Amino acid sequence: MNKASQPPTTELCTHSLTGMSYRDRDLVNELIGERSFTDVMFTQIMGRRPRPVDLRIVDAVLITLMEHGLTPSAIATRLIYMSAPENLQGAVSAGLLAVGSQFVGTMENCAALLEQLLASSDIDAKAREIAQDYRARKQPLPGFGHHLHKPDDPRSIKLIQLAQQETELGQAHVNALLTFNKAIDETYGRHITINATGAVAALLGEIGIPTHLMRGFAVISRAAGLVSHIAEEQRMPSGRFIWETIDEAIPYVKKASE
Numbered sequence: 002m003n004k005a006s007q008p009p010t011t012e013l014c015t016h017s018l019t020g021m022s023y024r025d026r027d028l029v030n031e032l033i034g035e036r037s038f039t040d041v042m043f044t045q046i047m048g049r050r051p052r053p054v055d056l057r058i059v060d061a062v063l064i065t066l067m068e069h070g071l072t073p074s075a076i077a078t079r080l081i082y083m084s085a086p087e088n089l090q091g092a093v094s095a096g097l098l099a100v101g102s103q104f105v106g107t108m109e110n111c112a113a114l115l116e117q118l119l120a121s122s123d124i125d126a127k128a129r130e131i132a133q134d135y136r137a138r139k140q141p142l143p144g145f146g147h148h149l150h151k152p153d154d155p156r157s158i159k160l161i162q163l164a165q166q167e168t169e170l171g172q173a174h175v176n177a178l179l180t181f182n183k184a185i186d187e188t189y190g191r192h193i194t195i196n197a198t199g200a201v202a203a204l205l206g207e208i209g210i211p212t213h214l215m216r217g218f219a220v221i222s223r224a225a226g227l228v229s230h231i232a233e234e235q236r237m238p239s240g241r242f243i244w245e246t247i248d249e250a251i252p253y254v255k256k257a258s259e
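In structure tokens:
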């Protein structure tokens with residue numbers, strides 16, 4: 002049998018009649034009660050045991066992205082739960098569908114730009130080039146700008162400070178983000194804040210998370226936040242109020258006959 006026709010394999014989990022293993026660790030005797038969720042999660046995703054700095058960064062990221070009030074993802078979860086309260090997982094999954102290129106998941110888009118900067122022989126010039134291109138096309142810059150937090154996003158400031166305090170991190174991604182921010186401000190002629198997902202992109206890059214896996218950390222974090230919205234919905238329902246408010250706020254306009 003040649004390599005192309007060999008069946009696929011998995012390194013993530015195996016089980017027997019008397020036990021189960023995650024990668025090379027016994028679930029019952031080596032993980033449960035011995036290691037934290039973040040520790041095991043990181044190991045499962047990345048295939049290596051996290052360093053203490055990895056755990057600190059991932060925990061900071063997960064806490065940052067877990068909640069931001071009644072955003073589209075939370076509203077979707079509450080409305081679906083109102084419609085099908087027997088289906089908690091369906092309501093959470095509805096909200097997770099909003100973790101994309103416009104909200105919550107934009108760290109992936111920002112990380113791709115940081116990769117371009119880090120691959121360039123002249124980061125400053127490349128930063129100006131990208132900023133000018135986005136401005137010319139009138140496209141929003143992923144990882145920058147926020148309609149609520151001005152002049153700066155306090156979450157980003159804290160995350161960047163945390164990363165800069167970690168002597169084990171190389172700071173390449175964080176410095177690239179700050180260089181990019183300077184070029185953006187100069188290009189637009191005004192200060193544009195680094196938002197939370199921009200800072201998250203830099204921090205996850207510093208600990209080696211591949212760009213195309215970063216959105217997964219947003220999904221993990223936001224899932225916890227959406228469960229909290231369901232818990233509040235159970236105590237203080239708001240789904241019908243949201244529905245009725247929208248129904249009243251958006252009037253029906255009859256189109257004139259042609």
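Each number in this note's numbering corresponds to the 1-based position in the sequence shown with 1 added.
In this text, a Cβ means the ideal position worked out from N, Cα and C, and glycines have one as well.
All values reported here derive from a predicted model rather than from experimental measurement.
Presumed contact (8 Å Cβ cut-off) between residue i and residue j, rounded CB distance
i           : j           : result
residue 225 : residue 67  : 5 Å
residue 110 : residue 157 : Actually they are not in contact, since the Cβ atoms of residue 110 and residue 157 sit about 16 Å apart, beyond 8 Å.
residue 207 : residue 58  : 7 Å
residue 203 : residue 175 : 5 Å
For residue i, three-class secondary structure by DSSP
i           : result
residue 121 : coil
residue 96  : helix
residue 240 : helix
residue 70  : coil
Cβ shell of residue i (< 7 Å), same chain only, five flanking positions each side left out
i           : result
residue 243 : 76, 79, 80
residue 128 : 118, 180, 181, 184
residue 240 : 79, 80, 82, 83, 234
residue 212 : 109, 112, 113, 116
residue 124 : 118, 177, 180
Cα-Cα separation between residue i and residue j, rounded to whole angstroms
i           : j           : result
residue 114 : residue 254 : 43 Å
residue 142 : residue 14  : 39 Å
residue 245 : residue 87  : 22 Å
residue 178 : residue 20  : 46 Å
residue 121 : residue 170 : 20 Å
residue 247 : residue 73  : 13 Å
residue 46  : residue 214 : 9 Å
residue 56  : residue 40  : 7 Å
residue 193 : residue 51  : 34 Å
residue 23  : residue 29  : 10 Å
residue 12  : residue 252 : 55 Å
residue 173 : residue 167 : 12 Å
residue 210 : residue 48  : 11 Å
residue 220 : residue 100 : 7 Å
Same chain, Cβ closer than 6 Å to residue i, five either side skipped, listed in chain order
i           : result
residue 1   : Since the first and last residues shown for the chain are 2 and 259, residue 1 lies out of range.
residue 163 : 61
residue 132 : 184, 185, 188
Residues near residue i by beta carbon distance below 8 Å, same chain, minus five either side
i           : result
residue 85  : 91, 92
residue 146 : 193, 194, 196
residue 152 : 192, 194
Inset, instruction - Within the stretch 16-59, note down every full alpha helix (DSSP H) run reaching 4 residues or more, in order along the chain. - result: 38-47
Legend entry - Complete runs of the alpha helix (DSSP H) confined to the stretch 129-178 [at least 4 residues]: 155-166
Legend entry - Segments of 4+ residues assigned as alpha helix (DSSP H) that fall wholly inside the stretch 183-236: 197-207, 215-236
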